[in-house]
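Before any comments, here is the structure.
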Amino acid sequence: MWLAAVRDAAIVLLALLSIIIGVLLVLMLLQIRSLIRLLREEIAPLLASANETISTVQGTTDFVSRNVVRPVVQVSSYSSAALQVVRSLLYFRRGPRR
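Given below as structure tokens:
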């Protein structure tokens, strides 16, 4: 008799656990659905904006490199070369130091 009561209690407990697990599974699916919606509506525009910003920065650095850095480097190299020429001419005129 008591074995039948334990069996019936176990069946009821398993049925309750199955219902609870089912409800939790439905809640989890709803949360996953809202997460997917959030990713589509909020994260995708942020990524598009970040890509646009990156391309703008890339264009700006290319412009600065072409129009500012390269001429400054050229002027610096020409002035360094001219200074070396002047030093070499002064060195040959004076002769080697002892």
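Residue numbers for the sequence shown follow our numbering, so the first one is 23 and each next one is one higher. Cβ coordinates follow ideal geometry from the N, Cα and C atoms, glycine included.
Quick check: what's the CA-CA separation for residue i versus residue j?
{"i": "residue 62", "j": "residue 46", "result": "24 Å"}
{"i": "residue 69", "j": "residue 80", "result": "16 Å"}
Less than 8 Å between C-beta atoms, sequence neighbours within five positions excluded: which residues of the same chain meet that for residue i?
{"i": "residue 73", "result": "none"}
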